[in-house]
Amino acid sequence: MKMDYYDCIIVGGSYSGLSAAMALGRSLRNVLIIDDGKPCNATTPHSHNFITHDGKKPAEITAIAKQQVEQYKTVNFYTGFALKGTKLDDGFQIETKAGDIFKSKKMIFATGIRDVLPAITGFSACWGISVIHCPYCHGYEFRESKTAILSNGDMAFHFSQLIYNLTKDLTLITNGKSELTAEQTEKLQKNNISVIEKELAEVKHKEGYLEEVIFTDGSTIPLKALYVRLPFEQHSDIPALLGCEITDQGFIKVDAMQKTTVPGVFVCGDNSSFMRSVANAVSSGNMAGAAANRELCEAEF
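The structure is reproduced here in structure tokens:
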């Protein structure tokens, strides 16, 4: 088994992890990034709403970021999956799926979240392409298009308000009996947003681009875009096993410095924020890296 000791180990090498690594690399810290090369937005054709990179492919943004981080010689990369984490007297230990062991003074988890996709035929093939989660990331490209929202209750109403701004050709699919209040239903009707209480059976598409959706009763409606807010789970269970507190919404609890409830452990990106965007991932990663370096400086001074 290989064993090395670092100032900080970063688990996750996408936007937030690379941003944290740059802050630490520029502070002359010995850093190891552990990443398995499977980002959550791998199927998304283009990334939007991130200034200077609007419209670029996600992999292209990552490649540029990695190339820039690699200029800092104290930052190292390991391709693999972080399997176990242990709190030590003088820091932390990470064991990978391949059996390699690394130690560090500080930990940053930029591990993201995993969407739990429904068992609807064709859904996964469209996810991130025309079945989408965020009007800020994808909405402009589907402006004024025939659009539906797959949601219910308060979240459905909130989504309707946001997406109505982008298209007036809007339908709400509650996938079963509506949980909307009478006031919410009246407001939707006033804005000509029809509510369909049928259950969805299939998403018909061509190479990930929606053509129509089919309900369990066999009826259909043509669509270009379908918004949905999916349930999720943490991509890595290591932070929770180390004792990091998880919020009621399922995120890792952090303060303004991206510190968790476990001293020496920081997290950043989608695993700790409802604002699921490249810009937020980069911002929170930068903060996590700076905060980890600050603690290292204070301990060494």
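Counting the sequence shown from 1 gives a position; our numbering is that position plus 165. The C-beta atom is built at its ideal place from N, Cα and C for all residues, glycine as well.
Inset, instruction - Measure the Cβ-Cβ separation of THR227 and ALA247 and say whether it is below 9 angstroms. - result: In the sequence shown, the residue the question calls residue 227 occupies position 62. In the sequence shown, the residue the question calls residue 247 occupies position 82. The answer is no: Cβ separation not under 9 angstroms.
Legend entry - Reference HIS400, options PHE274, GLN232 and HIS370, closest by Cα: Working through the sequence shown from its first residue, we reach residue 400 at position 235. Ranking PHE274, GLN232 and HIS370 by Cα distance to HIS400 puts PHE274 first.
Inset, instruction - Counting only the same chain and skipping the five closest in sequence on each side, list residues whose C-beta sits under 8 angstroms from that of SER442. - result: Taking the sequence shown and counting its residues from 1, one reaches residue 442 at position 277. Within the same chain, SER442 has close Cβ partners ASN214, PHE215, CYS299, TYR301 and CYS302.
Inset, instruction - Please name the residue in LEU391, GLU364 and THR425 whose C-alpha comes closest to that of SER384. - result: Here the question's residue 384 lines up with position 219 in the sequence shown. Out of LEU391, GLU364 and THR425, GLU364 has the C-alpha closest to the C-alpha of SER384.
Inset, instruction - Starting from ASN458, trace the alpha helix (DSSP H) both ways and give me its first and last residue. - result: The residue you call residue 458 lines up with position 293 of the sequence shown. Looking at the DSSP string, the run of the alpha helix (DSSP H) that includes ASN458 is 443-465.
Legend entry - Residues that SER438 bridges to, as DSSP identifies them: Position 273 of the sequence shown holds residue 438. Partner(s): none; SER438 has no beta bridge.
Legend entry - First and last residue of the uninterrupted beta strand (DSSP E) at THR350: One-based indexing of the sequence shown puts residue 350 at position 185. Run containing THR350: none in the beta strand (DSSP E); it sits in the alpha helix (DSSP H), 347-355.
Inset, instruction - Figure out for me which residue from CYS173, PRO396, ALA313 and GLY202 has the closest Cα to the Cα of ARG145. - result: Outside the modelled stretch of the chain, which goes from 166 to 466, sits residue 145, for which no answer is possible.
Inset, instruction - Tell me whether the beta-carbon of THR336 lies closer than 9 angstroms to the beta-carbon of ILE297. - result: Counting from one through the sequence shown, the residue named residue 336 turns up at place 171. Counting from one through the sequence shown, the residue named residue 297 turns up at place 132. No, they are not a contact pair.
Legend entry - Check whether LEU270 and GLY256 have beta carbons under 9 angstroms apart: Residue mapping note: residue 270 aligns to position 105 of the sequence shown, counting from 1. Residue mapping note: residue 256 aligns to position 91 of the sequence shown, counting from 1. The identity of residue 270 in the sequence shown is Lys, whereas the question assumes Leu. Yes, Cβ-Cβ distance for LYS270 and GLY256 is below 9 angstroms.
Legend entry - Residue of GLU344, ILE338, LYS369 and ASP413 minimising C-alpha distance to TYR392: Residue numbering aside, residue 392 sits at position 227 when the sequence shown is read from its first letter. Checking every option, the nearest Cα to that of TYR392 belongs to ILE338.
Inset, instruction - Using alpha carbons as the reference points, say which of THR332, GLY178 and GLY373 lies closest to THR208. - result: Your numbering for residue 208 matches position 43 in the sequence shown. Ranking THR332, GLY178 and GLY373 by Cα distance to THR208 puts GLY373 first.
Legend entry - the segment 452-466 touching the segment 420-438, judged by at least three CB pairs closer than 8 angstroms: yes
Inset, instruction - May I have the straight-line CA-CA distance separating PRO396 from GLU309, to the nearest angstrom? - result: Taking the first residue of the sequence shown as 1, we reach residue 396 at position 231. Taking the first residue of the sequence shown as 1, we reach residue 309 at position 144. C-alpha separation (whole angstroms): 27 angstroms.
Inset, instruction - Could I get the ranges of all uninterrupted alpha helix (DSSP H) runs contained in the segment 203-272, with 4 residues as the minimum, in chain order? - result: 223-234
Legend entry - Given MET452 as reference, the closest of ALA188, TYR180, ILE259 and GLY264 once Cα atoms are compared: Residue 452 sits at position 287 when you count from the first residue of the sequence shown. Closest option to MET452, Cα to Cα, is ALA188.
Inset, instruction - Check whether the Cβ atoms of ILE259 and GLU367 sit closer than 9 angstroms, and answer yes or no. - result: What you label residue 259 is simply residue 94 of the sequence shown in a count that begins at 1. What you label residue 367 is simply residue 202 of the sequence shown in a count that begins at 1. No, the Cβ-Cβ distance between ILE259 and GLU367 is not below 9 angstroms.
Legend entry - As assigned by DSSP and simplified to three states, the class of PHE274: Residue mapping note: residue 274 aligns to position 109 of the sequence shown, counting from 1. Strand at PHE274.
Inset, instruction - Starting from PHE397, follow the beta strand (DSSP E) in both directions and report where the run begins and ends. - result: Position 232 of the sequence shown, counting from 1, holds the residue named residue 397. PHE397 -> beta strand (DSSP E) spans 397-399.
Legend entry - Euclidean distance between Cα positions of SER428 and GLN349: Start at 1 with the first residue of the sequence shown, and residue 428 comes out as number 263. Start at 1 with the first residue of the sequence shown, and residue 349 comes out as number 184. First, the amino acid is wrong: residue 428 is Pro here, not Ser. For PRO428 and GLN349, the distance between alpha carbons rounds to 44 angstroms.
Legend entry - In DSSP terms, what VAL176 is bridged to: Position 11 of the sequence shown, counting from 1, holds the residue named residue 176. Answer by DSSP bridge pairing, in chain order: ILE199 and PHE274.
Inset, instruction - Identify every residue that forms a DSSP beta bridge with ALA468. - result: Here the chain has residues from 166 to 466 only, and residue 468 is not among them.
Inset, instruction - Taking GLY289 as part of the alpha helix (DSSP H), name the residues at either end of that continuous run. - result: Residue numbering aside, residue 289 sits at position 124 when the sequence shown is read from its first letter. A quick correction: the sequence has Ser, not Gly, at residue 289. Run containing SER289: 288-291, per the alpha helix (DSSP H) assignment.
Inset, instruction - Name the one or two DSSP bridge partners that LEU365 has. - result: Start at 1 with the first residue of the sequence shown, and residue 365 comes out as number 200. DSSP output for LEU365 lists PHE380 as bridge partner(s).
Legend entry - Local Cβ density within 10 Å of ASP200, reported as buried at 16 or more and exposed below that: For the purposes of this step, residue 200 is taken as residue 35 along the sequence shown, with counting starting at 1. So ASP200 counts as buried.
Inset, instruction - Report, in whole angstroms, the separation of the C-beta atoms of TYR180 and VAL447, which I expect to be a contact under 8 angstroms. - result: Here residue 180 is taken as the residue at index 15 of the sequence shown, counted from 1. Here residue 447 is taken as the residue at index 282 of the sequence shown, counted from 1. Yes, they are in contact, since the Cβ atoms of TYR180 and VAL447 sit about 5 angstroms apart, within 8 angstroms.
Legend entry - ALA185 classed as buried or exposed, judged by whether at least 16 other C-beta atoms fall within 10 angstroms: In the sequence shown, the residue the question calls residue 185 occupies position 20. By the neighbour-count rule (16 or more Cβ atoms within 10 Å), ALA185 is buried.
Inset, instruction - Return yes when the Cβ of GLY434 is within less than 9 angstroms of the Cβ of GLY177, no when it is not. - result: What you label residue 177 is simply residue 12 of the sequence shown in a count that begins at 1. What you label residue 434 is simply residue 269 of the sequence shown in a count that begins at 1. Cβ atoms of GLY177 and GLY434: closer than 9 angstroms.
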